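In what follows, a single structure is set out as structure tokens and then discussed.
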Amino acid sequence: MNKIILSIICSSALFAEGIEYKGSIGIESSYIDHNIAGKRDKQTALRGEFEVKEKTKMGQVVLRANAIVDAKDKNRRYVNLSDFYYKYDFDNSDVLIGRNTRFWGAMEFYNHTDAFNTKDWRDNPFDYDAKLGSNNIAYTEYFENSELALIAKIGQEGQRVQEAQSVNNFMPSIYSDSLVTQKNKNRPTVYVKYTGSAEESQFDYALIYQNGYDEQRYLAPKGASLHQNAYLVNKVMGYATLVSGETIYKTELAYTKSDDDKVSDYAQYSVGVEHTLYGVWGKSDLGLLAEYYRYDAQDSSKLGAKDFGNLFQNDLTLGFRLSVNDSSDSDVLGGVSLDQDNQEKLMFVEYNTRLLEKYKLGVSYQHLEPKSGSIFQKLDSAKVEVAYHF
3 MNKIILSIIC
13 SSALFAEGIE
23 YKGSIGIESS
33 YIDHNIAGKR
43 DKQTALRGEF
53 EVKEKTKMGQ
63 VVLRANAIVD
73 AKDKNRRYVN
83 LSDFYYKYDF
93 DNSDVLIGRN
103 TRFWGAMEFY
113 NHTDAFNTKD
123 WRDNPFDYDA
133 KLGSNNIAYT
143 EYFENSELAL
153 IAKIGQEGQR
163 VQEAQSVNNF
173 MPSIYSDSLV
183 TQKNKNRPTV
193 YVKYTGSAEE
203 SQFDYALIYQ
213 NGYDEQRYLA
223 PKGASLHQNA
233 YLVNKVMGYA
243 TLVSGETIYK
253 TELAYTKSDD
263 DKVSDYAQYS
273 VGVEHTLYGV
283 WGKSDLGLLA
293 EYYRYDAQDS
303 SKLGAKDFGN
313 LFQNDLTLGF
323 RLSVNDSSDS
333 DVLGGVSLDQ
343 DNQEKLMFVE
353 YNTRLLEKYK
363 LGVSYQHLEP
373 KSGSIFQKLD
383 SAKVEVAYHF
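Counting with this note's numbering, you get residues 3 to 392 for the letters of the sequence shown.
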């Protein structure tokens, strides 16, 4: 698959018409307050992101990659090629072949319909946008106010973790990133995705059918090691947003039928609302957010949400977004997620601004107070990021 992708992309470069590029390079430094034996309380790393788009007579080639070089963690010294694909454009459709990332869903803090890419655990385990690219072939047909995509994802990514001394490594010492799959690893996972919008009512929606390997994986011993197991499912999903004045209403729904006798069928749903108060402080706008998430396993005797480490089982998240609307594009996002069953808490706040046009500064704080017996431990984390963008 990778050789075919590379051959097609290299051939398309012969017809190149122009190259666009952008990227960033910066440093991040974190301090973590915790009581976990054997774990570091500091983490510093260089980060880089790079994107190249090359237009051709027939479409475009896109390459995106991010790199991390951690000062102490040798497992966080790598390059993640998240996107490397060629897209051929027809009059009302296109074909994509290669490696890419997709972002699905309507909610702000967590998207259970975002079921295409595998999470990158070597990056930030609590950043759900940190993903590994996936090899796929996709055909998309465009209509007046909608589109239909047929996608075949080939292969499953193993999830490597940070070093054992990192507080972001929650795995037992016998964990192996060698993935076990229910059937052949390259058995395609097929998606049919239909998206549409009603401009007059400002209503946007998506419907997705998935047949293949689930995004969730469970841990099971194999020999002397503990491995992730990828299992087959039939899944139907949907998400929608409705804008009414200063308020946005959101929802995500999904039902998964498992093909693995160990894993329960399960339903997921979430509802949310975001109301914006304009001009609350000069030109600043304040968005108030509330979202509720639910995970229901159909058979309690089989594996469910807690076995997958899913933090959004029965959770209410309250948050805010302050957009300062200044020349530096400053904004503040914060919130708290409360588990309705056991009062487990996840609190966070992050501030981002631009300095001297091409520099960006980010400061964030996170407090995790897990339930008793959780794979997570109580910790407070503060992080500063400075990056130059070009």
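Backbone N, C-alpha and C define an ideal beta-carbon position, used for all residues, glycine too. If you're wondering where the values come from, they're calculated on a predicted model, not measured in any experiment.
>> Buried or exposed, going by whether 16 or more other CB atoms sit within 10 Å of the CB of Leu318?
In response: exposed
>> Output needed for Gly240: all residues of its chain with C-beta closer than 6 Å, excluding positions within five of it in sequence on either side, in chain order.
In response: Excluding sequence neighbours, Gly240 sits near Leu209, Leu255.
>> Count Cβ pairs between the segment 124 to 133 and the segment 86 to 96 that sit closer than 8 Å; are there 3 or more?
In response: no
> In its own chain, which residues sit with a C-beta less than 6 Å from the C-beta of Leu291, not counting the 5 before and 5 after it?
Replying inline: Glu110, Glu276, Gly321
>> Short of 6 Å in beta carbon distance, which residues of its chain neighbour Leu150, apart from the five on each side in sequence? Order them along the chain.
In response: Glu143, Tyr196
> Just checking my contact of Tyr294 with Asn312 at CB under 8 Å: how many whole Å lie between their CB atoms?
Replying inline: Going by Cβ atoms, the distance from Tyr294 to Asn312 rounds to 15 Å, so no, they are not a contact pair.
> For Asp298, which three-state DSSP category applies?
Replying inline: DSSP, reduced to helix, strand and coil, places Asp298 within a strand of the structure shown.
> Does the pairing of the segment 256 to 266 with the segment 274 to 288 give three or more beta-carbon distances under 8 Å?
Replying inline: Too few Cβ pairs lie closer than 8 Å, so no.
> Where does the unbroken beta strand (DSSP E) through Ser136 begin, and where does it stop?
Replying inline: Run containing Ser136: 136 to 144, per the beta strand (DSSP E) assignment.
>> So, with DSSP's three-state summary, where would you put Arg189?
In response: coil
> What residue does the beta strand (DSSP E) around Leu370 start on, and which one ends it?
Replying inline: Counting along the chain, the beta strand (DSSP E) containing Leu370 begins and ends at 361 to 371.
> What did DSSP end up calling Phe111 once you bin it into helix, strand or coil?
Replying inline: coil
> Quick one: what does DSSP say Asn77 is sitting in, helix, strand or coil?
Replying inline: helix
>> Nearest by alpha-carbon distance to Glu146: which of Ala140, Lys252, Lys224, Ser199 is it?
In response: Ser199
> According to DSSP, which residues form a beta bridge with Lys24?
Replying inline: Checking the DSSP bridge columns, you'll see Lys24 partnered with Glu53.
> Just how far apart, CA to CA, sit Asp382 and Arg323?
Replying inline: Cα-Cα distance, rounded: 21 Å.
>> I need the DSSP call for Met309, collapsed to helix, strand or coil.
In response: The amino acid at residue 309 is misidentified as Met; the sequence shows Asp. Note: Asp309 maps to helix in three-state DSSP.
> Since Asp122 contacts Trp106 with CB under 8 Å, what's their CB separation in whole angstroms?
Replying inline: Their Cβ separation, rounded to whole angstroms, is 17 Å, which puts Asp122 and Trp106 out of contact at 8 Å.
> DSSP on Arg323, reduced to helix/strand/coil?
Replying inline: strand
>> Buried or exposed for Asp343, going by 16 or more other Cβ atoms inside 10 Å?
In response: An exposed status is given to Asp343, since fewer than 16 other beta-carbon atoms sit within 10 Å of its beta-carbon.
> Measuring CA to CA, which of Glu30, Gly100, Ile21 is closest to Tyr390?
Replying inline: Glu30
> With 7 Å set as the bound, which would you pick, yes or no: does the beta-carbon of Phe86 sit closer than that to a beta-carbon of chain B?
Replying inline: Structure shown: chain B not included; a single protein chain is present.
> What residue range is occupied by the uninterrupted beta strand (DSSP E) comprising Gln62?
Replying inline: 61 to 72
>> Taking DSSP's pairing of strands, which residues face Gly336 in a bridge?
In response: Phe322, Val351
>> Let me make sure I understand the geometry here. Which of Ala39, Val194, Asn119 has the alpha-carbon closest to that of Asn82?
In response: Closest by alpha carbon: Asn119.
>> Rounded to the nearest angstrom, what separates Arg78 and Asn68 at their Cα positions?
In response: 12 Å
>> Using CA atoms only, rank isn't needed, just tell me which of Leu357, Phe86, Glu248 is closest to Gln62.
In response: Phe86
> Is the CB-CB distance between Ser84 and Glu51 below 7 Å?
Replying inline: Taking C-beta atoms as the reference points, Ser84 and Glu51 fail to come closer than 7 Å.
>> If I measure Cβ to Cβ from Glu352 and keep anything under 6 Å in the same chain, skipping five residues before and after, which residues do I get?
In response: Leu335, Ser366
>> So, at 7 Å on beta carbons, what are the nonlocal neighbours of Ala73 in its own chain, with the 5 sequence-adjacent residues on each side left out?
In response: Thr46, Ala47
>> Taking the alpha-carbon of Asp309 as reference, which of Gln230, Lys360, Ala242 has the nearest alpha-carbon?
In response: Comparing Cα positions, the closest option is Gln230.
> Which two residues bound the contiguous beta strand (DSSP E) that contains Phe205?
Replying inline: Per DSSP, Phe205 belongs to the beta strand (DSSP E) from 205 to 215.
> With respect to the beta strand (DSSP E) encompassing Arg101, which residues constitute its N-terminal and C-terminal limits?
Replying inline: 95 to 102
>> Once DSSP output is grouped into helix, strand and coil, what is the label at Ala389?
In response: strand
> Quick one: is Val64 buried, meaning 16 or more other Cβ sit within 10 Å of its Cβ, or exposed?
Replying inline: Result: buried.
> Whose CA, out of Ser180, Ser246, Leu340, Val245, lies closest to the CA of Arg219?
Replying inline: Ser180
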